[in-house]
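Quick mapping for you: the protein sequence lines, in order, are chains A and B.
Add 85 to the 1-based position in the first sequence for my numbering, that's all there is to it.
Add 85 to the 1-based position in the second sequence for my numbering, that's all there is to it.
Using N, Cα and C, we set each Cβ at its ideal position, and we do this for glycine too.
Protein chains: 2
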Amino acid sequence: MTEAEFIAVLRLLPLHVAARGLVDDTALLDASPLVVTTDTLVEGVHFLPTDPAEDVAWKLVATNLSDLAAKGATPEGILLNYPLGGDAWDRAFLVGLAEVLTAFDTRIIGGDTVTLPPSAPRILTVTAFGSDAAAPARSGAREGDALYVTGTIGDAGAGLAIALGADGPSELLAAYRRPQPRLADGRILAPHVYAMMDVSDGLLIDASRMALASGLAVTIDLADVPLSDAYRAFSGDRLAAATAGDDYQLLFAAPEAFVTDATRIGAFSAGSGLTLHDSGKPVLLPSSLGYEHRPRG
Amino acid sequence: MTEAEFIAVLRLLPLHVAARGLVDDTALLDASPLVVTTDTLVEGVHFLPTDPAEDVAWKLVATNLSDLAAKGATPEGILLNYPLGGDAWDRAFLVGLAEVLTAFDTRIIGGDTVTLPPSAPRILTVTAFGSDAAAPARSGAREGDALYVTGTIGDAGAGLAIALGADGPSELLAAYRRPQPRLADGRILAPHVYAMMDVSDGLLIDASRMALASGLAVTIDLADVPLSDAYRAFSGDRLAAATAGDDYQLLFAAPEAFVTDATRIGAFSAGSGLTLHDSGKPVLLPSSLGYEHRPRG
Numbered sequence: 086m087t088e089a090e091f092i093a094v095l096r097l098l099p100l101h102v103a104a105r106g107l108v109d110d111t112a113l114l115d116a117s118p119l120v121v122t123t124d125t126l127v128e129g130v131h132f133l134p135t136d137p138a139e140d141v142a143w144k145l146v147a148t149n150l151s152d153l154a155a156k157g158a159t160p161e162g163i164l165l166n167y168p169l170g171g172d173a174w175d176r177a178f179l180v181g182l183a184e185v186l187t188a189f190d191t192r193i194i195g196g197d198t199v200t201l202p203p204s205a206p207r208i209l210t211v212t213a214f215g216s217d218a219a220a221p222a223r224s225g226a227r228e229g230d231a232l233y234v235t236g237t238i239g240d241a242g243a244g245l246a247i248a249l250g251a252d253g254p255s256e257l258l259a260a261y262r263r264p265q266p267r268l269a270d271g272r273i274l275a276p277h278v279y280a281m282m283d284v285s286d287g288l289l290i291d292a293s294r295m296a297l298a299s300g301l302a303v304t305i306d307l308a309d310v311p312l313s314d315a316y317r318a319f320s321g322d323r324l325a326a327a328t329a330g331d332d333y334q335l336l337f338a339a340p341e342a343f344v345t346d347a348t349r350i351g352a353f354s355a356g357s358g359l360t361l362h363d364s365g366k367p368v369l370l371p372s373s374l375g376y377e378h379r380p381r382g
Numbered sequence: 086m087t088e089a090e091f092i093a094v095l096r097l098l099p100l101h102v103a104a105r106g107l108v109d110d111t112a113l114l115d116a117s118p119l120v121v122t123t124d125t126l127v128e129g130v131h132f133l134p135t136d137p138a139e140d141v142a143w144k145l146v147a148t149n150l151s152d153l154a155a156k157g158a159t160p161e162g163i164l165l166n167y168p169l170g171g172d173a174w175d176r177a178f179l180v181g182l183a184e185v186l187t188a189f190d191t192r193i194i195g196g197d198t199v200t201l202p203p204s205a206p207r208i209l210t211v212t213a214f215g216s217d218a219a220a221p222a223r224s225g226a227r228e229g230d231a232l233y234v235t236g237t238i239g240d241a242g243a244g245l246a247i248a249l250g251a252d253g254p255s256e257l258l259a260a261y262r263r264p265q266p267r268l269a270d271g272r273i274l275a276p277h278v279y280a281m282m283d284v285s286d287g288l289l290i291d292a293s294r295m296a297l298a299s300g301l302a303v304t305i306d307l308a309d310v311p312l313s314d315a316y317r318a319f320s321g322d323r324l325a326a327a328t329a330g331d332d333y334q335l336l337f338a339a340p341e342a343f344v345t346d347a348t349r350i351g352a353f354s355a356g357s358g359l360t361l362h363d364s365g366k367p368v369l370l371p372s373s374l375g376y377e378h379r380p381r382g
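Laid out in structure tokens, this is it:
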């Protein structure tokens, strides 16, 4: 599609009033305060060249909305930085974009379309804006707080293995390709918890980042990491689940007595670093706690 | 550099209070209303693989600030989506980033770093936020308005030719590599003009976009397009200047009697489309009015 054709379809999607009909170079946002977050997805790094374009659109928006969920924010809308990439892919992407915007009541605020050199991997960026946030930081955990996580962990990691050829159920593949940002949970939790973030790079690495930001040590018991029935049937490997990433669940610190549907998986104490237990017994840390971006040069 | 090393240097640059020290996944912006704009630069498309990383950083931020200038906004800060790309390039990029942030009193609000597959072109995105904007749209030109442009046109186009090997002065090369967003002009003009935008893709194509958005025809006289002495000495080709792009001057519609340092280059009338004159005589439109993104597929 040409830039003009692509933007003509974007205009048919839900537009934020700030977009001014997408006829200008800028948007004018009136809500305040605003939670702002941005994520870039790279073909071959964050998604597979074989992932359907509809699912890439979904994941691109959903991962950003997951960051808003961790602040208890209500989505206002998104900016989309999009590389035009061939008619069929562009059209399928727009279908997935319409689906994810509708699913989470989110609107287009603006963006930029570019052309890539031939054979370059697709690199897509979304910036998301949210309002009405309690916005707990990741640095607010206190000594003695318990560590909780919503939902189940490891489904998306299993889904990635299935996308790469392993045998497994479609619900695990969907967890990888169509993550569900926990917006409702985030709005309920945010005013009451001391620290919160989403699990994107892996439960262990993200928990250790919360501990580092809060100036504390954290202990996690692998036996307490919540697994889905589908994941138990697929492999049930708890360490793989806790380091796989792409879960987009909410990880938060709150008092031991906190009443929540989320699962208590550990606790914060004075000190630093991550200690791993399995049913109460210390176990060695794995060589990788999750996904970290490394330089290519 | 690793992601952690890169972010550690970012923390030494001017940080917006909304960045919360870059220890969180989200920023919390309190100004309202906000002008928001985003631009993506692609290696091999928007900049040359041989362009110094310092200059790429400058251009990436400056092109976004130019969109803020066209709305009369004062820069608040930026989000940076950055592909880690090798120690030397990353460090040089950070030097240029510090320079452009300092030059235009702009701060880091947040961003995302990613790793690219080997040999992928660099793709960089900046999203810029501005406050206190009068925010004239590009669609507000009225029948009978004159069309004005600030500064001179064509210098950056000549600078691109020089970067590609042509002989020419360093000031033209600098116009291409270190564009100067017209922030002060924008703040002065924005409350008084009827339509305004920056010239990024080429004077003729951008003027025709303003006319289209305003539902009007526009006539431009090539003989009135302002050229620098350096450009006259380099080539003096007015049609090349008016279609080259990357000027980052401000293009605006205002009454014929408007008092301004900018140059009157044309006028709006009922109808549609662009008509080109040269010293009052009609001339044929060139086959390309400027830069348009085309699909690769």
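Per-residue DSSP class, three states only, for residue i
i, result
"A/SER117", "coil"
"A/ALA213", "strand"
"B/ARG192", "strand"
"B/ARG176", "helix"
"B/PHE337", "strand"
"A/LYS156", "coil"
"B/LEU369", "coil"
"A/GLY316", "Checking the sequence, you will find Tyr at residue 316 of chain A rather than Gly. In this structure, A/TYR316 counts as helix in the three-state DSSP scheme."
"B/THR200", "strand"
"B/THR87", "coil"
"B/SER354", "strand"
"A/GLU228", "coil"
"B/GLY330", "coil"
"B/GLY106", "helix"
"A/THR148", "helix"
"B/ALA138", "helix"
"B/VAL94", "helix"
"A/THR123", "strand"
"A/GLY162", "strand"
"A/ALA112", "strand"
"A/LEU374", "coil"
"A/LEU182", "helix"
"A/ARG207", "coil"
"A/THR187", "helix"
Exposed unless 16 or more other CB atoms sit within 10 angstroms - verdict on residue i
i, result
"A/PRO380", "Residue placement at A/PRO380 cannot be trusted, given a pLDDT of 43 that sits under 50; the coordinates are not used to answer."
"A/PRO99", "exposed"
"A/LYS366", "exposed"
"A/THR148", "buried"
"A/THR237", "buried"
"B/ILE97", "In the sequence as displayed, the identity of residue 97 of chain B is Leu instead of Ile. Exposed: under 16 other Cβ atoms inside 10 Å."
"A/SER204", "exposed"
"A/ALA308", "exposed"
"A/ASP115", "exposed"
"A/ALA173", "exposed"
"B/VAL120", "buried"
"A/ASP346", "exposed"
"B/PRO168", "buried"
"A/ASP38", "Any question about residue 38 of chain A goes unanswered here, given that chain A covers just 86 to 382."
"A/GLY382", "With a pLDDT of 34 at A/GLY382, under the threshold of 50, the modelled position of this residue cannot be trusted; read the value that follows with caution. Answer is exposed; the Cβ neighbour count stays below 16."
"A/THR187", "exposed"
"A/PRO311", "buried"
"B/GLU341", "exposed"
"A/ALA352", "buried"
Rounded Cβ spacing between residue i and residue j (contact assumed at less than 8 Å)
i, j, result
"A/ASP124", "B/ASP306", "Contact flag wrong, Cβ pair sits at about 47 Å."
"A/SER285", "A/ALA226", "The Cβ separation is near 18 Å, so there is no contact."
"A/ALA355", "A/ALA302", "7 Å"
"B/GLY375", "B/ILE290", "3 Å"
"B/ALA154", "B/ASP270", "7 Å"
"A/LEU150", "A/LEU126", "A/LEU150 to A/LEU126, Cβ: 14 Å. No contact."
Closer than 7 Å at the beta carbon, the chain C residues around residue i
i, result
"A/ALA298", "As a matter of chain content, chain C is missing from the structure shown, whose protein chains are A and B."
| query | the region 258-286 of chain A: which residues have C-beta closer than 9 Å to a C-beta of chain B, in chain order? | reply | MET282, ASP283, SER285
| query | For the region 191-207 of chain B, which residues have a beta carbon sitting closer than 8 Å to at least one beta carbon of chain A? | reply | ILE194, GLY195, GLY196, ASP197, THR198, VAL199, THR200, LEU201, PRO202, PRO203, ALA205, PRO206
| Taking a cut of 8 Å between CB atoms, which residues from the region 306-321 of chain B lie near chain A? | none
| Start-end ranges of the beta strand (DSSP E) lying completely within the region 232-311 of chain B, minimum 3 residues | 280-283, 302-306
| request: Could you name the residues of the region 129-155 of chain B whose beta carbon sits closer than 8 Å to any beta carbon of chain A, in the order they occur along the chain? | output: GLY129, VAL130, HIS131, ASP152, LEU153, ALA155
| query | Which of the residues in the region 109-131 of chain A, read from start to end, lie with their CB under 9 Å from any CB of chain B? | reply | ASP109, ASP110, THR111, ALA112, LEU113, LEU114, ASP115, ALA116, SER117, PRO118, LEU119, VAL120, VAL121, THR122, THR123, ASP124, THR125, LEU126, VAL127, GLU128, GLY129, VAL130, HIS131
| said: So if I threshold CB-CB distances at 7 Å, which residues from the region 211-228 of chain A count as touching chain B? | reply: THR212, ALA220, ALA222, ARG223, SER224
| query | Given a limit of 9 Å on CB to CB distance, which residues of the region 162-185 of chain A reach chain B? | reply | LEU164, LEU165, ASN166, TYR167, PRO168, LEU169, GLY170, GLY171, ASP172, ALA173, TRP174, ASP175
| request: Closer than 9 Å, Cβ to Cβ, to anything on chain B: give me those residues from the region 86-110 of chain A, in chain order. | output: MET86, THR87, GLU88, ALA89, GLU90, PHE91, ALA103, ARG105, GLY106, VAL108, ASP109, ASP110
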